[in-house]
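Numbering (UniProt numbering), first residue to last: 1 to 344.
Beta carbons are placed, not taken as given, at the ideal position from N, Cα and C, and that holds for glycine.
Below is the structure:
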């Protein structure tokens, strides 16, 4: 029954780019993979990882010599590594993190077919590579899930008690709830984040656009309300489903978050305790941002506010700065598919 459910769900949930946006080469002499569409550099490793379900998935690992954490990024639908790489590189540079991104089974040059269970095995293989091949500790890892990628991200995070943090970008409550506002989880639903989020024991940042036409931002709000360790969410006024990277508030808020959770981890290890989200008495940050008002990397965000005050702030606040023309977006990749399909 589970296999039938997964097969049916896959027809509605997964739309890998066809053809893939990149090719994969293997140098026999150097015993290394390469992607011709990505300029070769010593800071980027191209990998092929085998999952516990027998698939070979492609991954990229971007190394930052000033890294304070490692980000494991599960991308959204209708995208693959070729389309995501520039965003990965910019996030690694701006956030000062090492970053691993990977393609799900059936995406890009990864083998197999996309399914819920395959994506769980895919993210596990990427995590295993980080810990075993690169020696990254669990407490140094930040899991990042965008849209459909919130499914494997929440599932893995619910089983890892010592993660540094989780970022959920335009997340879903569950697959079925994207289509229908069901009140309880049904047996044939997929990616039941709503039932797993309270098992996540680390700080969770949720980012969602208020004008998301694919996954209503109430998905993000309800997940935030269910989090054990809440962090100031970022509701981007006017933001859509696949263009949040274009808003200045996006990268500024992420910088705050990465810095804050790094300090919190240091504090838990017995060093000086930082001012954290739960300690600070300052007002919540305004999602409006400006290039003239850069965010210091070591400035922790203000405490979360009760739901009513957040709702009031969202309704009364002015729109954030309009999106910039930047390469840090998957909007173009999704636009054509969104005309025909439900892309999340």
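According to DSSP, is residue i helix, strand or coil?
| i | result |
| --- | --- |
| residue 126 | helix |
| residue 105 | coil |
| residue 163 | coil |
| residue 250 | helix |
| residue 215 | coil |
| residue 316 | Confidence at residue 316 is low in this model, with a pLDDT of 37, below 50, so its placement is unreliable and no value can be given for it. |
| residue 183 | coil |
| residue 231 | coil |
| residue 58 | strand |
| residue 199 | helix |
| residue 173 | coil |
| residue 309 | Summary for residue 309: the model assigns pLDDT 32, below 50, so the residue's position carries little reliability; its value from the coordinates is reported in the next sentence. Residue 309: helix per DSSP, three-state reduction. |
Could you spell out where the beta strand (DSSP E) holding residue i opens and where it closes?
| i | result |
| --- | --- |
| residue 243 | Element bounds for residue 243: n/a, residue is neither H nor E. |
| residue 101 | 97 to 102 |
| residue 238 | That residue, residue 238, is in no beta strand (DSSP E); it is neither H nor E in DSSP. |
| residue 32 | 32 to 34 |
| residue 204 | 204 to 209 |
| residue 50 | 44 to 50 |
| residue 348 | For residue 348 there is no data in the structure shown, the boundaries of the chain being 1 and 344. |
Leaving out the 5 sequence neighbours to the left and right, which residues in its chain are closer than 6 angstroms to residue i when beta-carbon positions are compared?
| i | result |
| --- | --- |
| residue 121 | 51, 52, 53 |
| residue 165 | 142, 202, 203, 261 |
| residue 131 | none |
Considering only their Cβ atoms, is the gap separating residue j from residue i smaller than 8 angstroms?
| i | j | result |
| --- | --- | --- |
| residue 26 | residue 109 | no |
| residue 158 | residue 123 | no |
| residue 57 | residue 102 | yes |
| residue 193 | residue 171 | yes |
| residue 62 | residue 24 | no |
| residue 60 | residue 81 | yes |
| residue 151 | residue 107 | no |
| residue 125 | residue 71 | no |
| residue 34 | residue 149 | no |
| residue 186 | residue 176 | yes |
| residue 207 | residue 226 | no |
| residue 214 | residue 241 | yes |
| residue 205 | residue 167 | yes |
| residue 174 | residue 76 | no |
Taking the continuous alpha helix (DSSP H) assigned at residue i, which residues delimit it?
| i | result |
| --- | --- |
| residue 349 | Nothing about residue 349 can be reported from this structure: the residues present for the chain run from 1 to 344 only. |
| residue 222 | 218 to 226 |
| residue 193 | 193 to 196 |
| residue 156 | 150 to 157 |
Closer than 8 angstroms by C-beta to residue i: which residues in its own chain qualify, once you throw out the five before and the five after it? Chain order, please.
| i | result |
| --- | --- |
| residue 105 | 51, 53, 55, 57, 111, 112, 113, 114, 115, 118, 119, 121, 122 |
| residue 139 | 162, 163, 164, 265 |
| residue 30 | none |
| residue 36 | 22, 23, 25 |
| residue 40 | 34 |
Quick one: residues in its chain with C-beta nearer than 7 angstroms to the C-beta of residue i, no 5 flanking neighbours on either side, listed in chain order?
| i | result |
| --- | --- |
| residue 196 | 154, 155, 158 |
### Task
Enumerate, from N- to C-terminal direction, the unbroken beta strand (DSSP E) stretches of 3 or more residues contained entirely within the region 61 to 89.
69 to 74
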